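Take a look at the structure below.
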Amino acid sequence: MRAGFESIALHAHLGFKVKSFCADEVQIELSMRPELIGTAMHQRLHGGVIAAILDSAGGFAICHAVVDKHCDETLEQLGMRFGRIGTIDLRVDFLRQGIGKAFVATGKVVRLGGRIATTQMTLANDQGEMIASGTASFVVS
Numbered sequence: 020m021r022a023g024f025e026s027i028a029l030h031a032h033l034g035f036k037v038k039s040f041c042a043d044e045v046q047i048e049l050s051m052r053p054e055l056i057g058t059a060m061h062q063r064l065h066g067g068v069i070a071a072i073l074d075s076a077g078g079f080a081i082c083h084a085v086v087d088k089h090c091d092e093t094l095e096q097l098g099m100r101f102g103r104i105g106t107i108d109l110r111v112d113f114l115r116q117g118i119g120k121a122f123v124a125t126g127k128v129v130r131l132g133g134r135i136a137t138t139q140m141t142l143a144n145d146q147g148e149m150i151a152s153g154t155a156s157f158v159v160s
C-alpha cells in the first residue's frame with residue numbers, strides 16, 4: 020500500500036512520504052522546501068499544501084481500514100473499492116503558522132460505514148507543535 024500512496028502524482032509532486040501505518044493511524048511526512056511556501060516574506064507552508072496533506076492522510080487511513088475490513092477479497096476487488104473512495108467533505112482548522120523544517124500528518128478513521136467514512140487528521144511540525152487539524156468524510160461505496 021505504501022508504494023501505491025507514493026505513486027500518486029500529487030503526492031510525489033508535493034513530496035509526501037509514508038512515515039508509518041498501522042490499524043489505528045497512518046502518518047505522512049513532508050519536508051519543507053521553497054516550492055511549498057505560501058508567503059515568501061514569512062517562509063510559511065502554503066495553506067493548500069496543509070489541506071492537501073490532511074486530506075491525503077484521511078484518505079490513506081480509510082484505504083488502510085478498507086483493506087483490514089475486506090482482507091478476504093482479491094487485489095482486483097480491493098482496487099475496485101479504492102476507485103470508489105473520494106472526499107465529500109473536508110474541514111481544516113489552521114491553528115498556527117506553517118513554520119518548520121518538516122511536518123507529519125496523522126490520520127485516524129473515526130467511523131467506517133458501508134457508504135460513508137469519517138476521519139480526523141492533524142498536522143504537526145518538527146518541533147511537535149500542532150499546525151492544523153481537520154475532519155473529513157469520504158464516500159467508500
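For the sequence shown, the working numbering assigns the number 20 to the initial residue and increments by one for each residue that follows.
Idealized CB from N, CA, C, for every residue including glycine.
The structure presented is a predicted model; accordingly, all values stated were derived computationally and were not measured.
Item                                                                                                                                                                   : Value
Does the Cβ of S75 have 16 or more other Cβ atoms within 10 Å, making it buried, or fewer, making it exposed?                                                          : buried
Which partner residues of I56 appear in the DSSP bridge assignment?                                                                                                    : L64
From I150 to V158, what distance separates their C-alpha atoms?                                                                                                        : 26 Å
Evaluate S160 with the Cβ neighbour count: other Cβ atoms within 10 Å of its Cβ, from every protein chain shown; 16 or more gives buried, anything less gives exposed. : exposed
Thinking C-alpha only, which one of A70, F101 and S50 is nearest G126?                                                                                                 : A70
Around the Cβ of R21, are there at least 16 other Cβ atoms within 10 angstroms (buried) or fewer (exposed)?                                                            : Note that R21 scores a pLDDT of 48, beneath 50, so its modelled location is shaky; the value from the coordinates is reported in the next line. By the neighbour-count rule (16 or more Cβ atoms within 10 Å), R21 is not buried but exposed.
For I107 and A59, I'd like the C-alpha separation in whole angstroms.                                                                                                  : 32 Å
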